[in-house]
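Student: The structure that follows is given in the form of structure tokens.
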Amino acid sequence: MIKLKKLLSLGIAAAMLLGAAACTGGKENKVSDGDDESQPYEIVWLFPVAPPNDLDAVCEKANEYLKDKINVTLKLTPLDWGAYGTKKNNALNGGEKMDLLWLAGGDYTYAAMQQSIIDIDELMDKYAPKTKEMLGEDFINGARVDGKLYGVQANKDKAANYMIVYRKDIAEKYNLDMSGVKTIEDLYPVFDTLLEKEPNMVPMAISGGKTVYDANFCLNGYDSLCGNKYVCVMTGENDDVSKVVCPYETELFKKSCEQAREMYQRGYFFKDCAVLDNSAELIKSGKAFCYWEQDQPSKLSEINNSSDYEWDKVQMTDASMSTLDCVGSVTTIPYTCENPVRVMKFIELFNTDPYLNNLINFGIEDVHFNKVSDNTIKLTEKGKKDYDLQGTMWERGNTFINYTIEGDDPNKAENLEAFNESAKPSPVLGFVLDTEEYSIEATACSNVVSEYLRTLTYGAGDPEELLPKFISKLKSAKIDTIVEISQRQYDEWREGNNGNE
Amino acid sequence: MSKIRRFTDFLLNDGAMFLMVMPGAILVLLFNYFPIGGIVLAFKNYAPVKGVWGSDWVGLKNFKAFFSTPDAWLITRNTIMYSVYFIVVGTILAVALALLLNELKKGFVSKVYQTIGLLPHFLSYVIIAYLVYAFLGGEYGIMNRTVLPLFGIEPISWYSEAKYWPFILTFVANWKEVGFSSVIYLAAIAGINIEYYEAARVDGASRWQQMKYVTLPCLRSIITIKLIMSVGGILGSDLGLFYNVPMNSGPLFPTTNVLSTYMFRGMSKVGFTTAAGVYCSVVGFILTILANAVVRKIDYDSALF
Amino acid sequence: MTINKNTKIRRASELEISRLETIILHIFFILFSISMLYPVFLAVGISFSDQNSIIEHGYRIIPVKWSLEGYKLAFKSGEILNAYKITILSTVIGTVLSVLIQMLYAYPLSRKSFKGRKFFTFYAYFVSLFSGGMVPWYIVCTKLLHLGNSFWALVLPSIFGFFNVVILRTFIKSNVPDEMIEAARIDGCSEMGIFWKMVMPLSKAGMATIGLFAMLNYWNNYYLPMMLIHDKSLFNLQYYLQIIFLNIEELAKYGNADAADIPREVTRFAMCVITMGPIILVYPFFQKYFVKGMVVGSVKG
Chain A
2 MIKLKKLLSL GIAAAMLLGA AACTGGKENK VSDGDDESQP YEIVWLFPVA
52 PPNDLDAVCE KANEYLKDKI NVTLKLTPLD WGAYGTKKNN ALNGGEKMDL
102 LWLAGGDYTY AAMQQSIIDI DELMDKYAPK TKEMLGEDFI NGARVDGKLY
152 GVQANKDKAA NYMIVYRKDI AEKYNLDMSG VKTIEDLYPV FDTLLEKEPN
202 MVPMAISGGK TVYDANFCLN GYDSLCGNKY VCVMTGENDD VSKVVCPYET
252 ELFKKSCEQA REMYQRGYFF KDCAVLDNSA ELIKSGKAFC YWEQDQPSKL
302 SEINNSSDYE WDKVQMTDAS MSTLDCVGSV TTIPYTCENP VRVMKFIELF
352 NTDPYLNNLI NFGIEDVHFN KVSDNTIKLT EKGKKDYDLQ GTMWERGNTF
402 INYTIEGDDP NKAENLEAFN ESAKPSPVLG FVLDTEEYSI EATACSNVVS
452 EYLRTLTYGA GDPEELLPKF ISKLKSAKID TIVEISQRQY DEWREGNNGN
502 E
Chain B
10 MSKIRRFTDF LLNDGAMFLM VMPGAILVLL FNYFPIGGIV LAFKNYAPVK
60 GVWGSDWVGL KNFKAFFSTP DAWLITRNTI MYSVYFIVVG TILAVALALL
110 LNELKKGFVS KVYQTIGLLP HFLSYVIIAY LVYAFLGGEY GIMNRTVLPL
160 FGIEPISWYS EAKYWPFILT FVANWKEVGF SSVIYLAAIA GINIEYYEAA
210 RVDGASRWQQ MKYVTLPCLR SIITIKLIMS VGGILGSDLG LFYNVPMNSG
260 PLFPTTNVLS TYMFRGMSKV GFTTAAGVYC SVVGFILTIL ANAVVRKIDY
310 DSALF
Chain C
19 MTINKNTKIR RASELEISRL ETIILHIFFI LFSISMLYPV FLAVGISFSD
69 QNSIIEHGYR IIPVKWSLEG YKLAFKSGEI LNAYKITILS TVIGTVLSVL
119 IQMLYAYPLS RKSFKGRKFF TFYAYFVSLF SGGMVPWYIV CTKLLHLGNS
169 FWALVLPSIF GFFNVVILRT FIKSNVPDEM IEAARIDGCS EMGIFWKMVM
219 PLSKAGMATI GLFAMLNYWN NYYLPMMLIH DKSLFNLQYY LQIIFLNIEE
269 LAKYGNADAA DIPREVTRFA MCVITMGPII LVYPFFQKYF VKGMVVGSVK
319 G
């Protein structure tokens with residue numbers, strides 16, 4: 002029956018249109034100036050943590066407090082870490098109503114460029130001045146995208162420096178002198194002795210981001226341009242800071258690969274390191290002697306607390322603050338928020354009010370935790386079971402007003418402050434690449450990098466043979482276009498920023 | 010016949026059948042046709058703040074991401090090669106297994122064999138990747154430590170030699186799925202009218218002849234249909250097999266990088282992934298129509314439509 | 019040919035496979051079983067091993083050092099029991115609905131007399147290949163259908179699959195001859211009656227197969243919970259296991275102390291065993307439908 006078929010086809014077409022219409026996300030970006038505090042408002046806050054059982058109870062308590070202050074109700078919406086990436090993308094893409102969304106690194110800059118989160122400069126000046134002061138101008142500039150600020154950073158460690166963590170007991174046993182170690186080569190004699198005396202141990206455990214290549218670049222000084230895979234800016238003494246380069250084409254990279262190869266052949270790494278990433282297991286089970294790690298105040302004591310073995314460290318670099326460090330943890334306001342003014346008021350309150358901050362981070366006093374001293378607490382059994390946010394305070398606001406947990410370094414806050422002050426800001430601070438411009442070239446280059454990087458940086462392949470292949474393949478994947486586009490953007494930014502240099 | 014008569018006739022016969030089709034058809038409408046408008050995203054630069062319709066058109070630019078790699082031909086070749094291997098080898102093995110199982114006397118033992126054959130299907134590729142590593146790993150892998158020395162061969166660095174992997178991956182994939190795939194064929198064999206076999210026996214056919222002249226022809230429909238539908242998915246591949254089992258090892262890319270791993274490693278933008286999906290769908294669609302047309306000429310009943 | 023007693027006996031022995039062939043077959047299957055079982059036992063053995071001893075000694079079927087630490091993560095809180103409950107519920111309901119609705123769809127497709135046959139085949143086929151992608155699907159599911167965070171989100175989207183329908187259609191076509199249906203129609207039986215009393219009983223093998231596929235799909239599914247469910251009390255088994263593992267992996271990246279404690283490798287194997295176990299127990303129930311002879315020809319006269 003032809004008529005029926007036609008009818009059905011029309012019906013389907015209508016359905017498709019209907020479904021498509023439902024797909025309209027999109028909203029005009031309106032930041033209302035006025036805010037009527039007599040109207041209650043619900044704040045939906047998304048951040049990554051395994052949802053605790055007592056979430057509702059804590060929210061209720063918080064709401065009691067907040068009602069009198071700024072008349073909001075808080076709807077904490079923690080999402081499991083493991084699925085956070087997917088879920089937050091779905092929420093953004095699906096146009097779900099959210100008021101606060103936790104983002105970091107590339108996610109943050111990408112969302113900013115797509116305008117999925119709103120620009121908060123004005124809001125912050127008007128409604129969160131104390132927060133702004135607390136974060137500091139340099140730090141805030143590090144999170145600017147195209148000159149505008151798109152989120153409130155968490156006040157925590159603001160810089161990065163690196164160390165080599167090594168087994169203290171083994172070093173003492175064989176009289177290995179680690180104090181003179183300034184470069185990777187200095188480790189060779191130590192490793193040789195180790196291989197002789199303890200053939201079952203692996204001298205150095207390497208993994209992604211913690212290889213000889215990463216170490217050498219950190220020692221030299223470089224800005225990763227917010228963790229970009231294809232380009233960076235070298236900031237060492239002998240480098241031209243105005244140039245954007247592809248790290249894999251530099252002399253330093255070549256040297257690092259050759260070094261890695263030598264170390265691999267000498268047996269300093271686990272033989273199958275390029276195939277199986279078991280560095281965590283090696284470290285935990287005591288088979289690894291040392292590894293390269295990012296340092297922070299109190300990090301060493303944390304490592305020692307959670308390990309069966311005794312560790313010590315050698316400081317390798319000074320603290321430096323790059324864009325990546327500034328966007329490690331940002332709380333943003335998505336475009337679906339209906340009352341950004343109220344939300345910003347909440348942020349200011351949260352960052353300056355220890356009661357509220359610790360309530361949300363640790364739970365209800367005497368139920369989930371007990372105060373051991375003025376500023377130190379201990380989680381109760383119920384707290385561990387029903388409201389354990391697993392030490393993720395750094396996702397939210399101001400870690401300096403958090404209570405210290407019993408067992409942690411009591412001077413943590415002061416050490417952190419000193420650490421942050423000592424950090425040297427990178428000359429590239431505040432520059433964010435618009436990766437959209439070269440997204441097509443990036444797809445091809447990404448595969449090339451996946452193909453060669455690990456083998457080369459872990460020393461599992463011969464750089465004489467592989468490095469030229471790697472570079473030539475990158476060139477056919479149009480890495481030069483990426484470098485050109487990045488250089489152009491960098492030049493533009495530098496011109497606009499001439500005052501700040 | 011009067012109109013009313015025709016209508017009631019329709020209701021009782023065809024009408025009833027339309028009703029039966031409705032629940033499924035509605036589900037398909039909701040979950041498949043409603044979202045299909047999203048295909049336009051393949052031609053747009055999607056920004057959540059602008060929504061699906063507000064985002065800018067970029068024409069075919071998203072498709073370029075697919076073809077911009079110097080390895081475009083290599084990856085396509087790998088994908089198609091593996092798919093063809095799997096379809097052909099997989100079907101032959103699964104059917105053979107079903108036939109062999111069928112030859113055993115029905116009883117506890119044959120049931121046990123069948124259940125055992127099913128087990129590998131439940132291991133995830135992540136686990137299988139570790140097990141394969143136990144076999145092929147550097148110094149301590151079973152191959153290098155025990156098996157190869159038996160034949161006097163030097164240990165091979167399996168994860169750096171691309172040439173062995175087409176074989177390894179085909180072997181692993183079939184090992185995992187042959188038991189599971191044979192289930193369909195076993196079920197089909199179970200449905201063959203027992204009288205056919207009795208007639209064949211009366212005619213003096215041996216077991217092998219029964220297999221050849223009764224079982225296989227009765228399986229023809231289902232084998233053909235499965236083949237036609239597999240052709241539609243020719244550009245797809247199981248990420249677990251091609252990413253996890255080779256441990257994402259770079260030197261193996263020339264023979265293990267397929268379309269889905271390429272996308273996984275390089276693409277995260279909505280526009281790119283949708284475009285890739287459209288590309289694979291279109292190719293699959295054309296191939297299926299062609300395959301279906303060929304089958305229709307030979308054996309009308311076995312065709313898809 | 020003269021037919022007598024002796025002739026029959028000789029024929030019978032020629033018509034069965036010989037003793038030798040049976041033995042060869044069994045040898046083949048024993049080797050086959052070993053090749054399938056060895057890795058599976060290895061996986062089970064690893065799941066019960068102590069992680070450090072694996073680093074020392076490698077994988078063993080019988081662990082060098084027994085340990086339940088791989089299972090610690092999964093059973094840490096009682097939540098896994100709830101996950102089991104949700105999984106069983108969604109699997110049972112999903113499987114029943116799935117088989118029913120797909121059979122209802124497949125039967126008309128198998129009848130040449132059905133006027134909408136070509137249309138509905140193509141209707142289902144088209145979307146099995148072409149899809150709008152994850153984002154529009156998500157928007158439809160949450161905004162239009164309001165399935166977010168509901169139990170039905172675990173059941174409804176997976177009910178219908180074109181592949182399954184085609185398999186069912188083929189089974190019905192082979193097992194239910196046209197003549198039978200005509201005969202029933204002439205006898206005055208309605209379509210639904212034919213379907214319930216004739217088609218379904220005769221298609222048991224097909225239904226068992228698709229039922230098995232559906233069951234496995236629901237049991238192992240973790241895409242649906244990941245996309246649509248945020249409420250812990252609605253997590254199913256597979257997703258629950260995956261997410262607690264992934265959570266630990268992510269935290270480990272940030273140097274969290276709790277995370278460092280978990281033995282990653284051994285836990286992975288344990289999770290696999292936890293999901294695998296129940297299926298093995300249920301499968302024999304389906305098996306009886308795959309035995310030849312269940313379906314006896316019933317064309318009477």
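Protein chains in written order, with this note's numbering: chain A, 2 to 502; chain B, 10 to 314; chain C, 19 to 319. For every residue, glycine included, the Cβ atom is placed at its ideal position computed from N, Cα and C. The structure displayed is predicted, hence computed values, not measured ones.
1. Given this structure, state the Cα-to-Cα distance separating A:N352 from A:L380, to the nearest angstrom.
2. Using the Cβ count rule (16 or more neighbours within 10 Å means buried), how would you classify A:K183?
3. Could you tell me whether the Cβ of B:K114 comes closer than 9 angstroms to any Cβ of chain C?
4. Give me the residue from B:Y122, B:P129, B:Y55 and B:K12 with the minimum Cα distance to C:L49.
5. Counting only the same chain and skipping the five closest in sequence on each side, list residues whose C-beta sits under 8 angstroms from that of C:H75.
6. Which residues, in chain order, does the stretch 270-290 of chain A contribute to contact with chain B at a C-beta distance below 8 angstroms?
7. Do A:A261 and A:L468 have their C-beta atoms within less than 9 angstroms of each other?
8. Going by the DSSP bridge assignment, what does A:D313 pair with across the sheet?
9. With C-beta atoms as the reference, is A:T333 less than 9 angstroms away from A:A112?
10. Taking just the CA atoms, how far does B:L132 sit from C:G179?
11. Using DSSP's beta-bridge definition, name the partner residues of A:C233.
12. Please work out which residues of its chain come closer than 6 angstroms, Cβ to Cβ, to B:L135, disregarding the five sequence neighbours upstream and downstream, and give them in chain order.
13. When Cβ atoms are compared, which residues of the stretch 78-95 of chain A fall closer than 7 angstroms to chain C?
14. So with CB distances below 7 angstroms, who are the chain A contacts of B:K73?
15. Mind checking which residues open and close the alpha helix (DSSP H) that includes A:T458?
16. Looking only at C-alpha atoms, which of B:A214, B:F144 and B:S239 sits nearest to B:Y94?
17. Any beta carbon from chain C within less than 9 angstroms of A:A51's own beta carbon?
18. Just the chain B side, please: which residues come within less than 9 angstroms of A:L456 by C-beta, in chain order?
19. From what residue to what residue does the alpha helix (DSSP H) around A:A505 run?
20. Rounded to a whole number of angstroms, what is the C-alpha to C-alpha distance between B:A171 and A:N358?
21. Using a 10 Å radius around the Cβ and a threshold of 16 neighbouring Cβ atoms, would you call A:E418 buried or exposed?
22. Are the CB atoms of A:D326 and A:K314 nearer to each other than 9 angstroms?
23. Residues in its own chain within less than 8 angstroms of C:T109 by CB, not counting five upstream and five downstream?
24. Leaving aside the five residues before and after C:R187 along the sequence, list all residues of the same chain whose C-beta is less than 6 angstroms from its C-beta, in chain order.
25. Looking at C-alpha atoms only, which residue of C:T113, C:M152, C:K103 and C:E39 is the closest neighbour of B:L113?
26. Less than 9 angstroms between CB atoms is the rule here; does B:A103 satisfy it with respect to chain C?
27. In the structure shown, what three-state DSSP assignment does A:N162 receive?
28. For A:D193, does the three-state DSSP call read helix, strand or coil?
29. Which chain B residues are close to C:G88, counting only those with a beta carbon under 7 angstroms from its beta carbon?
30. Classify B:L370: buried if its beta carbon has 16 or more other beta carbons within 10 angstroms, exposed otherwise.
31. What residues from the stretch 99-116 of chain C come within 8 angstroms of chain B, judged by C-beta to C-beta, listed N to C?
32. Any beta carbon of chain B sitting closer than 9 angstroms to that of C:E283?
33. Identify, in the order they occur along the chain, each residue of the same chain with its Cβ nearer than 8 angstroms to the Cβ of C:I322, setting aside the five sequence neighbours on each side.
34. Run through chain A and tell me which residues come within less than 7 angstroms of C:K250, C-beta to C-beta.
35. Whose CA, out of B:A56, B:A74, B:T270 and B:N54, lies closest to the CA of A:A478?
36. Quick check on A:K157: does DSSP put it in helix, strand or coil?
Tutor: Taking the structure as given:
1. By one-based count along the first sequence, residue 352 of chain A stands at place 351. By one-based count along the first sequence, residue 380 of chain A stands at place 379. Taking the straight line from one Cα to the other gives about 22 angstroms.
2. Looking up residue 183 of chain A in the first sequence gives position 182. Exposed.
3. Your numbering for residue 114 of chain B matches position 105 in the second sequence. When Cβ-Cβ separations below 9 angstroms define contact, B:K114 makes contact with chain C.
4. The residue given as residue 49 of chain C occupies position 31 in the third sequence. Residue nearest to C:L49 within the set B:Y122, B:P129, B:Y55 and B:K12 is B:Y122 (criterion: CA-CA distance).
5. Position 57 of the third sequence, counted from the first residue, corresponds to residue 75 of chain C. Only V82 meet the Cβ criterion.
6. If the cut-off is 8 angstroms between Cβ atoms, the stretch 270-290 of chain A has K272, D273, A275, V276 and L277 near chain B.
7. Your numbering for residue 261 of chain A matches position 260 in the first sequence. Your numbering for residue 468 of chain A matches position 467 in the first sequence. Annotated as distal: A:A261 and A:L468, with beta-carbon spacing of 9 angstroms or more.
8. As a position in the first sequence, residue 313 of chain A is number 312, starting the count at 1. Answer is A:Y167.
9. Here residue 333 of chain A corresponds to residue number 332 of the first sequence, with the count starting at 1. Here residue 112 of chain A corresponds to residue number 111 of the first sequence, with the count starting at 1. Annotated as proximal: A:T333 and A:A112, with beta-carbon spacing under 9 angstroms.
10. Residue 179 of chain C sits at position 161 when you count from the first residue of the third sequence. Residue 132 of chain B sits at position 123 when you count from the first residue of the second sequence. For C:G179 and B:L132, the distance between alpha carbons rounds to 23 angstroms.
11. For this step, residue 233 of chain A is matched to residue 232 along the first sequence. Bridge partners of A:C233 according to DSSP: A:V246.
12. The residue you call residue 135 of chain B lines up with position 126 of the second sequence. With the sequence shown as reference, residue 135 of chain B is identified as Val, and Leu is not the correct amino acid for it. Around B:V135, the same chain offers N253 as residues with beta carbons nearer than 6 angstroms, after the five sequence neighbours per side are excluded.
13. For the stretch 78-95 of chain A, residues whose beta-carbon sits nearer than 7 angstroms to a beta-carbon of chain C comprise L80, D81, W82, G83, A84, T87, N91, N94 and G95.
14. For the purposes of this step, residue 73 of chain B is taken as the residue at position 64 of the second sequence. Near B:K73 (Cβ distances below 7 angstroms), the residues of chain A are I441.
15. Sequence index remark: in the first sequence, residue 458 of chain A carries index 457 (1-based). For A:T458, the enclosing alpha helix (DSSP H) has its first and last residue at S440 to T458.
16. Position 85 of the second sequence, counted from the start, is the residue given in the question as residue 94 of chain B. Here the closest residue by C-alpha is B:S239.
17. The residue given as residue 51 of chain A occupies position 50 in the first sequence. Judged by the 9 angstroms Cβ criterion, A:A51 is in contact with chain C.
18. Position 455 of the first sequence, counting from 1, holds the residue named residue 456 of chain A. According to the sequence shown, residue 456 of chain A is Thr rather than Leu. Neighbours of A:T456 on chain B, chain order: S169, S258, G259 and P260.
19. Any property of residue 505 of chain A remains undetermined from this structure, which presents chain A solely from 2 to 502.
20. Position 162 of the second sequence, counted from the start, is the residue given in the question as residue 171 of chain B. Position 357 of the first sequence, counted from the start, is the residue given in the question as residue 358 of chain A. A:N358 has its alpha-carbon roughly 55 angstroms from the corresponding atom of B:A171.
21. Indexing the first sequence from 1 puts residue 418 of chain A at position 417. It counts as exposed.
22. Against the first sequence, residue 326 of chain A aligns to sequence position 325. Against the first sequence, residue 314 of chain A aligns to sequence position 313. In this structure, A:D326 sits away from A:K314, with a CB-CB distance that is not shorter than 9 angstroms.
23. As a working note, residue 109 of chain C is residue 91 in the third sequence. The residues are M233, Y236 and W237.
24. As a position in the third sequence, residue 187 of chain C is number 169, starting the count at 1. In the same chain as C:R187, and ignoring 5 residues on each side of it, the C-beta atoms closer than 6 angstroms to its own belong to A124, L127 and S128, in chain order.
25. Working through the second sequence from its first residue, we reach residue 113 of chain B at position 104. Cα-wise, what sits closest to B:L113 is C:E39.
26. As a position in the second sequence, residue 103 of chain B is number 94, starting the count at 1. Taking Cβ atoms only, chain C never reaches closer than 9 angstroms to B:A103, which makes this a no.
27. For the purposes of this step, residue 162 of chain A is identified with residue 161 of the first sequence, where counting begins at 1. DSSP places A:N162 within a strand segment (E or B) once states are collapsed to three.
28. Sequence index remark: in the first sequence, residue 193 of chain A carries index 192 (1-based). Correct three-state label for A:D193: helix.
29. As a working mapping, residue 88 of chain C is identified with position 70 in the third sequence. Contacts between C:G88 and chain B, judged by CB atoms closer than 7 angstroms, are missing: the closest CB pair is about 12 angstroms apart.
30. Nothing can be reported for residue 370 of chain B, as the shown portion of chain B is limited to 10 through 314.
31. Of all residues in the stretch 99-116 of chain C, none has a Cβ within less than 8 angstroms of some Cβ in chain B.
32. Within the third sequence, the letter at position 265 stands for residue 283 of chain C. True, the Cβ-Cβ gap to chain B drops below 9 angstroms.
33. Coverage of chain C is limited to positions 19 through 319, which leaves residue 322 of chain C absent and any answer about it impossible.
34. Residue 250 of chain C sits at position 232 when you count from the first residue of the third sequence. Ordered by position in chain A, the residues that pass the 7 angstroms Cβ test against C:K250 are P52.
35. On the first sequence, residue 478 of chain A is found 477 positions in, with the first residue counted as 1. Among B:A56, B:A74, B:T270 and B:N54, the Cα nearest to that of A:A478 belongs to B:A74.
36. Position 156 of the first sequence, counting from 1, holds the residue named residue 157 of chain A. Coil.
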